[in-house]
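Heads up, the thing below is written out as structure tokens.
Protein chains: 2
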Amino acid sequence: MDKKEFEALLDKKVSEVEDILNRHLPEPKGLQKTVLESMEYSCLAGGKRLRPIILTESYKLFSGSDELPYEVESFAAAIEFIHSYSLVHDDLPAMDNDEFRRGRLTTWKVYGDGMGVLAGDALLNYAFETAFGAAAGIDDALTLSRIVKAGAMLSEKSGSYGMIGGQCADLEAEGRGSDVTIGDLLFIHEHKTACLIEAALMVGGILGGADEKEIEILKKIGSNVGIAFQIRDDILDVIGNTEELGKKTGSDAQNDKVTYVTLKGIEESEAEAESLSKEAEELLKSLPGDKDFLSMLIDSLIGRMR
Amino acid sequence: MDKKEFEALLDKKVSEVEDILNRHLPEPKGLQKTVLESMEYSCLAGGKRLRPIILTESYKLFSGSDELPYEVESFAAAIEFIHSYSLVHDDLPAMDNDEFRRGRLTTWKVYGDGMGVLAGDALLNYAFETAFGAAAGIDDALTLSRIVKAGAMLSEKSGSYGMIGGQCADLEAEGRGSDVTIGDLLFIHEHKTACLIEAALMVGGILGGADEKEIEILKKIGSNVGIAFQIRDDILDVIGNTEELGKKTGSDAQNDKVTYVTLKGIEESEAEAESLSKEAEELLKSLPGDKDFLSMLIDSLIGRMR
Chain E
1 MDKKEFEALL
11 DKKVSEVEDI
21 LNRHLPEPKG
31 LQKTVLESME
41 YSCLAGGKRL
51 RPIILTESYK
61 LFSGSDELPY
71 EVESFAAAIE
81 FIHSYSLVHD
91 DLPAMDNDEF
101 RRGRLTTWKV
111 YGDGMGVLAG
121 DALLNYAFET
131 AFGAAAGIDD
141 ALTLSRIVKA
151 GAMLSEKSGS
161 YGMIGGQCAD
171 LEAEGRGSDV
181 TIGDLLFIHE
191 HKTACLIEAA
201 LMVGGILGGA
211 DEKEIEILKK
221 IGSNVGIAFQ
231 IRDDILDVIG
241 NTEELGKKTG
251 SDAQNDKVTY
261 VTLKGIEESE
271 AEAESLSKEA
281 EELLKSLPGD
291 KDFLSMLIDS
301 LIGRMR
Chain Y
1 MDKKEFEALL
11 DKKVSEVEDI
21 LNRHLPEPKG
31 LQKTVLESME
41 YSCLAGGKRL
51 RPIILTESYK
61 LFSGSDELPY
71 EVESFAAAIE
81 FIHSYSLVHD
91 DLPAMDNDEF
101 RRGRLTTWKV
111 YGDGMGVLAG
121 DALLNYAFET
131 AFGAAAGIDD
141 ALTLSRIVKA
151 GAMLSEKSGS
161 YGMIGGQCAD
171 LEAEGRGSDV
181 TIGDLLFIHE
191 HKTACLIEAA
201 LMVGGILGGA
211 DEKEIEILKK
221 IGSNVGIAFQ
231 IRDDILDVIG
241 NTEELGKKTG
251 SDAQNDKVTY
261 VTLKGIEESE
271 AEAESLSKEA
281 EELLKSLPGD
291 KDFLSMLIDS
301 LIGRMR
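Pasting the structure below:
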């Protein structure tokens, strides 16, 4: 697969995920119409749909089929709902106070900050409605136990030992300036970003029937990819080109933010991202199934400057 | 059972629930310590623990035993985590902007409003971690399917078709003044308050093995009790005694809030609460098991003025 074929396939998969999201989102009606609308507004605001794509690709490695059963689609939707809610709450005046995201007004700017809180709550709650709903009508014990294991993994990785834990550490680091260590920063990257990538890979694996050892490998791949992705982000903030990235660069320096680059320098950061990325690629090779697309996806994520 | 015995038993059950909550809450440590502390602060702030008590009592009606298996304790904790998160987010500056609850500073006042958002998110997420965790180590298909059904019910009743839907309608009604109808108000009471009472009864029933018909009865009881409870609350706001209630009265009138009483008058509101309450008592009689405690609990909730 060359780069052009990969990009065409990625576009196709993004559309497929958006179709899944559309089918899972509740129709805005009734006296709760506004919160349902705000969920839709937040979820259908574009985005790379990385987590659901990674989840379904990971599933396919183990299931040996391109077909996605209902429970896999449900978990793909659920993980994107979680990602969306985290952005909605991150943008709130009480958090980052952002008015724009992907060129559109943020959810709270459109619906007010009270409804912004509710929209995020509703998306998080709906993620688990969708995950539990995946089991509706299923009565074989094996599939049920996989769904329950997948739900436990997803909720752990999005919670206070996972993503929310990273957000907590990040919120507190903001006030600590140069006191932030490389260990703190790795904790934040690992939890705030990597945990949901790990969850995507592991949930896909669990639903596809991966064994314990394979799930550990998926976790390590997710961790490496998530951290490398964040280090690259820190690097690009210093050396990147605004136009290419579609966002402002130099914002970390302007905000006096401690980043991987301010702590380790460009060269060492580059080397670290490269090494994490290579290890992830090696680990991926040890898994079954057709890994071409997933491998190119990882490369496109953390090799953005090449 | 006389009133004194009931109250002693209620106190004992409150302690039992607080013990369950303590055992389920994560220990505050690591770089996410603050968010874990804020969860604990929010959950262990006292309160009547109604929802977990109703859930476990409902379970016992059908299981025929006073023993609570792990999954029942987990769901009892989960429903209280959901109730707690809803209060934490309700109190935020973006919502009701309340600085005190039960005589203590609200969570955001202690930890800041960014951490207040995260604390609520973490509790909601943790509720579902706990619910999915209830299935850990269980491999018989019947128990698994009950846990999954209970999780689906809990998440539906706390979501945008349930409690969050009611909060959305309530938030919007605030701006509409006298335009609010009795239908709007019933929707708000039904969703914002009754849905979690319904969930408590239904989840307990599902885990205890209630059949479809019994679960419908539990739902109706929960709906009646929740709405009657809110109507009484509106009545007490007008005629109640501040000291007895432990909170300010007349606040609805001060806020120009449309309530059941402003729309229907005291007498009709009283009659409506009475009729809902009586119907709930009758329905409860049709269920199996020892209903004495549950019946007195309902009476204590919606017969607070007698």
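Top line first, the protein sequences correspond to chains E and Y.
Take the first sequence: its letters are residues 1 to 306, numbered as in the numbering used here.
Take the second sequence: its letters are residues 1 to 306, numbered as in the numbering used here.
No residue lacks a Cβ here, since even glycine has one placed at the ideal position from N, Cα and C.
The structure presented is a predicted model; accordingly, all values stated were derived computationally and were not measured.
- Under the DSSP assignment, Y/PRO288 falls outside any alpha helix (DSSP H); it carries neither an H nor an E label.
- Inclusion of Y/HIS24 and Y/GLY47 in the CB contact set at 9 Å is not warranted, their separation being larger than that value.
- A Cβ-Cβ distance of about 7 Å is found for the pair E/GLY303 and E/SER277, placing them in contact under the 8 Å criterion.
- Those residues of the stretch 58-73 of chain Y placed with their C-beta closer than 7 Å to a C-beta in chain E do not exist.
- At a cut-off of 9 Å between beta carbons, E/ASP121 contacts chain Y.
- Judged by beta-carbon spacing, Y/GLU214 lies within the 9 Å limit of Y/PRO288, meaning their Cβ atoms are closer than that value.
- Fully contained in the stretch 68-95 of chain Y are the following alpha helix (DSSP H) runs of length 4 or more, in chain order: 70-90.
- Of the candidates Y/ALA210, Y/HIS191, Y/SER58 and Y/GLU73, the residue whose Cα lies closest to the Cα of E/GLY30 is Y/HIS191.
- Nearest to E/GLU73 by C-alpha distance, out of E/ALA131, E/ASP121 and E/MET95, is E/ALA131.
- Cβ-Cβ distances below 7 Å link Y/THR56 to LEU68, VAL72, ALA76 and GLY204 in the same chain, with the five nearest sequence neighbours on each side left out; the list follows chain order.
- Chain Y places a beta carbon closer than 9 Å to that of E/VAL117, counting this residue as a contact.
- A contact between stretches requires three or more CB pairs, one per stretch, nearer than 8 Å, and the stretch 178-187 of chain Y fails this requirement with the stretch 107-116 of chain Y.
- Within the DSSP bridge table, the entry for E/PHE62 names no partner.
- E/GLY137 is the residue among E/SER158, E/MET153, E/GLY137 and E/GLU156 whose C-alpha sits nearest the C-alpha of Y/VAL148.
- DSSP, read as helix, strand or coil, puts E/LEU105 in strand.
- Counting along the chain, E/LYS13 sits inside the alpha helix (DSSP H) bounded by residues 3-24.
- In chain order, PRO26 and PRO28 place their CB closer than 6 Å to the CB of E/LEU36, counting only its own chain and leaving out the 5 sequence neighbours on each side.
- Taking a beta-carbon distance threshold of 9 Å, E/ASN125 counts as an interface residue toward chain Y.
- Within chain E, SER160, ILE164, GLY165 and CYS168 have C-beta atoms less than 7 Å from the C-beta of Y/VAL35, given in sequence order.
- Under the DSSP assignment, E/GLY116 falls in the alpha helix (DSSP H) whose first and last residues are 113-133.
- Counting only the Cα atoms, E/GLU40 lies some 22 Å from Y/LEU118.
- Distance from E/THR262 to E/ASP237 at the Cβ level is roughly 10 Å; contact not present, criterion being Cβ atoms closer than 8 Å.
- Where E/THR34 is concerned, the enclosing alpha helix (DSSP H) starts and stops at 33-43.
- The beta carbon of Y/LEU105 sits closer than 8 Å to those of GLU99, all from its chain and outside the five residues before and after it, given in chain order.
- Your pair Y/ALA200 and Y/GLY165 does not check out as a contact, with CB atoms roughly 18 Å apart and the cut at 8 Å.
- Within the same chain, and ignoring the five residues on either side of Y/LEU207 in sequence, the residues whose Cβ sits closer than 7 Å to its Cβ are TYR59, GLU71, VAL72, PHE75, ARG146 and ALA150.
- Between the beta-carbon of Y/LEU171 and that of E/MET115 there is about 7 Å, and that keeps the pair under the 8 Å contact cut.
- In this structure, Y/LEU87 sits away from Y/SER160, with a CB-CB distance that is not shorter than 9 Å.
- Apart from the 5 residues on each side of it in sequence, Y/LEU123 sits with its Cβ closer than 8 Å to the Cβ of MET39, SER42, CYS43, PHE81, ILE82, SER84, TYR85 and VAL88 in its chain, given in chain order.
- Across the structure, Y/ASN22 and Y/SER15 are spaced so that their CA atoms are roughly 10 Å apart.
- Contact residues of the stretch 77-88 of chain Y toward chain E are ILE82, TYR85 and SER86 (C-beta to C-beta distance below 9 Å).
- As DSSP reads the structure, Y/PHE100 sits in a beta bridge with Y/LEU105.
- Taking all protein chains in view, the Cβ of Y/ILE53 is crowded by 16 or more other Cβ atoms within 10 Å, so the residue is classified as buried.
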